[in-house]
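Since the structure comes first, as structure tokens, the remarks are kept for the end.
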Amino acid sequence: MCYGMSADNLPPPSAVVSTFKSNGITSMRLYAPDHATLNALAGTGINVAFGAPNDMLPGLAANHAVAAAWVRSNILAHHPKVVFRYVVVGNEAAGGLTCHLAPAMQNMKAALASVRLGHIVVTTSVSQAILGVWCTPSAGQFNAEADAYMRDVIPALARTGAPLMANIYPYLAWQWNTSAMDIRYALFTAPGVVVQDGAYGYQNLFDTTVDALYGHGQARGVRERMAFGRRTYNQNLINHIGRGTPRHPGPIETYIFAMINEDQKQAGVEQHWGLFYPNMQHVYPIKF
């Protein structure tokens, strides 16, 4: 579950962690260091995907000492009481920051290895917008900008066997194309195959997008986090991810966005993607 903090009315971290535990949620995605939350996570056994934010990328890429200091301050200060599973270097980095991704990841991995924490997986998180072609999975391609920097990122991931995290937004893809796309295709409720791609039939936009990432031929071992906060989609996603996609059956490691409604997000739907209100009451019933 993704724990975003773009709000001015958040509950105490201890209440958030308690809600994770009471709902059987075993993994948390943090976008940036937050020591109060890390203190609350101590001893819980909750796996953490821990973000190094985009503004750190130039420094992390340029200087191993910056990565080493970040690891000391944010990982070693809480290890082993907090279970760090991933360090996610950058989130949807774009423009001039993308050239820093691969070297920043390499320096972060070296910094972790130097303190005997090489088991922590280093990756980055990309937007589904890196796909220039995605409607037919077998024809999936990165757009020109993404293709340039992913040529460095993918080998960096492959050298360590790390997955690529992808932020997949079926709701936004539908919203951009409402006249041509049935909402049921985005909600896992389409009654039959919507896209036929050779021998593979696709009934939902999630599977189509995931397999388009695979279909490019460069992105291996993709794991994805979701971003569509409505009951029908989220419950159907939870029910679906154990089965996998038509081309890649089997469980898909998934982080749902988001834990709590965030009132400082961009006005509109993005403020209402949480599964919980700030008072930690369910926005709607959901079974994990």
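Note that the sequence shown covers residues 508 to 795 in the numbering used here. We treat Cβ as the ideally placed atom computed from N, Cα and C, and that holds for glycine.
Secondary structure of residue i, DSSP reduced to three states
| i | result |
| --- | --- |
| Leu537 | strand |
| Leu638 | strand |
| Ile582 | helix |
| Gly751 | strand |
| Val729 | Its pLDDT being 40, under 50, Val729 is placed unreliably in this model, and the coordinates cannot settle the point. |
| Pro758 | coil |
| Val573 | helix |
| Phe527 | helix |
| Ile763 | strand |
| Tyr510 | strand |
| Gln682 | helix |
| Phe795 | coil |
| Thr631 | strand |
| Gly542 | A quick correction: the sequence has His, not Gly, at residue 542. Three-state DSSP puts His542 in a helix. |
| His779 | helix |
Limits of the beta strand (DSSP E) - the one that residue i falls within
| i | result |
| --- | --- |
| Ile675 | Met672 to Ile675 |
| Val660 | Where Val660 is concerned, there is no enclosing beta strand (DSSP E), although the alpha helix (DSSP H) it sits in stretches over Ala651 to Thr667. |
| Gly597 | Val590 to Asn598 |
| Gly566 | Segment Leu564 to Ala569 is the alpha helix (DSSP H) holding Gly566; no beta strand (DSSP E) there. |
| Tyr721 | Note, Tyr721: premise wrong, no beta strand (DSSP E); alpha helix (DSSP H) at Leu712 to Gly722. |
| Thr696 | Premise fails: Thr696 is in no beta strand (DSSP E) and is neither H nor E. |
| Gly708 | Tyr707 to Tyr709 |
Under 8 angstroms between C-beta atoms of residue i and residue j
| i | j | result |
| --- | --- | --- |
| Cys606 | Ile763 | no |
| Pro662 | Gly722 | no |
| Leu671 | Leu679 | no |
| Thr715 | Val702 | yes |
| Tyr538 | Pro519 | no |
| Ile748 | Pro758 | yes |
| Ile553 | Val594 | no |
| Val700 | Ala669 | no |
| Val640 | Ala673 | no |
| Gly647 | Leu720 | yes |
N-terminal and C-terminal residue of the alpha helix (DSSP H) that residue i is part of
| i | result |
| --- | --- |
| Ala609 | Leu608 to Ser621 |
| Ala556 | Unbroken run through Ala556 is the beta strand (DSSP E), Asn554 to Ala559; no alpha helix (DSSP H). |
| Asp704 | No alpha helix (DSSP H) contains Asp704, which is instead part of the beta strand (DSSP E) from Val702 to Asp704. |
| Ile690 | Ile690 to Ala693 |
Buried versus exposed, by CB contacts within 10 Å (16 or more), residue i
| i | result |
| --- | --- |
| Asp515 | exposed |
| Leu517 | buried |
| Phe795 | exposed |
| Asn711 | buried |
| Gly602 | exposed |
| Asp718 | buried |
| Val622 | exposed |
| Asn746 | exposed |
| Asp704 | buried |
| Ala574 | buried |
Rounded Cβ spacing between residue i and residue j (contact assumed at less than 8 angstroms)
| i | j | result |
| --- | --- | --- |
| Thr631 | Val596 | 5 angstroms |
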